[in-house]
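Each position in the sequence shown, counted from 1, maps to that position plus 84 in the working numbering.
Glycine residues also receive a C-beta, built at the ideal position from the N, C-alpha and C atoms.
Below: the structure, in structure tokens.
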Amino acid sequence: MTGREAAMAISGALRLARFDLKGAFFFNATVKGFWNSFWVAAILAPLHLLEIMLVWQEEPATTQALRFFSVEAIMYVMGWTAFPLAMVYVCNWIDRSNRFLRFGIANNWTDLIVSAVFIPVQLAITLDLLTGTLMSALLAAVIVYAMALAWFIARYTLNLSGLAAAGVVILAVFINWIVRGFGETLIYAI
85 MTGREAAMAI SGALRLARFD LKGAFFFNAT VKGFWNSFWV AAILAPLHLL
135 EIMLVWQEEP ATTQALRFFS VEAIMYVMGW TAFPLAMVYV CNWIDRSNRF
185 LRFGIANNWT DLIVSAVFIP VQLAITLDLL TGTLMSALLA AVIVYAMALA
235 WFIARYTLNL SGLAAAGVVI LAVFINWIVR GFGETLIYAI
């Protein structure tokens, strides 16, 4: 990926993060641009590693480190691939396959912005810097923002009704829940 493509994609993601639909047109909406958008996962990986290392400190002594970190790595990859894979089929089913690339690319790049907000909040919670009402309020605000942004992207990049876009968001949450549940089962299985 070129530096120009990355800069344009980040600019587009920042515009989308402000609910400006023009941001969707900053992306390289090609198959190559789609695969390049997964560089966001590589960019965020060190922050995710820091987060799981902090979580590891709280794990029971019976949890094996190799198992814990291996499963977390698998869940990270699954978290980045399961939803886009499901959306390929959903887009074909709802006759929006011609819009999938723009949706997938916008979704990946805006995850960089959402993570830039969410990960520091999550780290502050893990380190007990945020507790009680402030923690709950901040976490709720970040989650509501992330879901509203996901809805906005689905609605306008896929040209869906508000209800159908809500269905896409629910699917993303459901897939994330399945991946997390699968991973926790593997981590804590005896």
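Between which two residues does the alpha helix (DSSP H) holding Glu89 run? Gly87 to Ala101
Tell me the residue span of the alpha helix (DSSP H) that contains Ser220. Gly216 to Thr241
Cβ contact check for the segment 133-141 and the segment 177-186: 3 or more pairs under 8 Å: no
With a Cβ-Cβ cutoff of 7 Å, do Leu222 and Val201 count as a contact? no
Is it true that the CB of Ile197 sits closer than 7 Å to the CB of Gly117? no
Skipping 5 residues on each side, what residues in its chain have a beta carbon closer than 6 Å to that of Val226? Val201, Phe202 and Val205
Roughly how many angstroms separate the alpha carbons of Thr241 and Thr86, rounded to a whole number? Going from the Cα of Thr241 to the Cα of Thr86 covers about 24 Å.
According to the neighbour-count rule (16 or more other Cβ atoms, all chains shown, within 10 Å of its Cβ), is Glu268 buried or exposed? exposed
By the three-class DSSP mapping on this structure, what secondary structure does Ile178 have? coil
Taking the alpha-carbon of Met92 as reference, which of Gln148, Thr194 and Ser199 has the nearest alpha-carbon? Considering only alpha carbons, the answer is Thr194.
Buried or exposed by the 16-neighbour rule on C-beta atoms within 10 Å, applied to Ile237: buried
Drop a sphere of 10 angstroms on the beta-carbon of Phe187, count the other beta-carbons inside from all chains shown, and report buried for 16 or more, exposed for fewer. Buried, because 16 or more other Cβ atoms sit within 10 Å of the Cβ of Phe187.
Which class does Thr269 belong to by DSSP, given the choice of helix, strand or coil? Thr269: helix per DSSP, three-state reduction.
Is the CB-CB distance between Ser95 and Phe111 below 7 Å? no
Integer-rounded CB distance, given that Asn120 should sit under 8 Å from Glu89: 6 Å
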